[in-house]
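Student: Structure provided below as structure tokens; questions to follow.
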Amino acid sequence: MEEQINQPTINQKGSGWIWVIFIVAILLIISSGTGVYFWQEKIIAKNNSDHEKALLDSKQEKLDLEKELKDTQEQLASLAAANSNDSQLKLPIIQFTPDTFSQDEKNELTEKVINPYVDYEKEIQKMNPISIQIEKYTEEEISKQTYARYMYKIDVIMETGHSGWLEREKGKNIDYWIPECMDECSFSESFKAKYPEVIKKYNSLRQK
């Protein structure tokens, strides 16, 4: 009599759950991969958008500079036309703004800053300042400055463009203007004779 061997039976129900778990795991892997892909695409898109914005900002800055240069050129043309029509017009035109300067303040700024600057530009640099605006800061504006507390801002329109600088720290007297040169500044004998205080200050600073 042959011994009957019981064959193991496969639990069809348990096997079904294994396949379900396997399929769910695959779907999770696929979905996570898809999420990473879209996340990377989103970052790339954002970077591209930031780059495009930076390019637009750069173009806008260039347009603003071109407009400022055009406005300056128009002002120069207008002043030149006025000068050609009126022989009494004296350049540069000097403007103090706002109307809070005392007369003594105007005189001292003109004597120590404006006159030596204009003469130096004309005589040494061969440049003709056309208009100079001296703006006086308010106490609130001075307090917001980060380092030195300057009282005046000076803007100059030249034949070829414009320049400017800050003048007089608060609590100090108005000092003489001196030129800024890459190397040693040159002065004519007539300039030295007319502005000895400028030469004295310049030489003093060079010795430090």
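Numbering (my numbering), first residue to last: 950 to 1157. Just so it is clear, CB atoms sit at the ideal spot from N, CA and C, and this is done for glycine as well. From a predicted model like this one, the values you see are computed outputs, not experimental measurements.
Express the C-alpha separation of Q1074 and I1083 in angstroms, rounding to a whole number.
Tutor: Along the sequence shown, read from residue 1 onward, the residue named residue 1083 stands at position 134. Along the sequence shown, read from residue 1 onward, the residue named residue 1074 stands at position 125. Distance from the CA atom of I1083 to the CA atom of Q1074, rounded to whole angstroms, is 21 Å.
Student: Please look up how many angstroms separate the CB atoms of K1150 and I1123, rounded, as I've assumed it's under 8 Å.
Tutor: Along the sequence shown, one-based indexing puts residue 1150 at 201. Along the sequence shown, one-based indexing puts residue 1123 at 174. For a cut-off of 8 Å, the C-beta gap from K1150 to I1123 is around 12 Å, too long to register as a contact.
Student: DSSP three-state label for Q1009, please.
Tutor: Against the sequence shown, residue 1009 aligns to sequence position 60. Of the three classes helix, strand and coil, the one that applies to Q1009 here is helix, per DSSP.
Student: Report yes or no: do three or more beta-carbon pairs, one from the stretch 1107–1121 and one from the stretch 1131–1151, lie closer than 8 Å?
Tutor: no
Student: DSSP state of Y1151, grouped into three classes?
Tutor: Translated into positions along the sequence shown, residue 1151 becomes position 202. Looking at Y1151 - three-state DSSP - the assignment turns out to be helix.
Student: Which class does D1104 belong to by DSSP, given the choice of helix, strand or coil?
Tutor: In the sequence shown, the residue the question calls residue 1104 occupies position 155. In the structure shown, D1104 sits in a strand (DSSP, three-state: E or B).
Student: Which of the three DSSP states, helix, strand or coil, is assigned to L1058?
Tutor: By one-based count along the sequence shown, residue 1058 stands at place 109. Looking at L1058 - three-state DSSP - the assignment turns out to be helix.
Student: One question on the structure: do V1067 and P1047 come within less than 9 Å of each other, judged by their Cβ atoms?
Tutor: Translated into the one-based positions of the sequence shown, residue 1067 becomes position 118. Translated into the one-based positions of the sequence shown, residue 1047 becomes position 98. No, they are not a contact pair.
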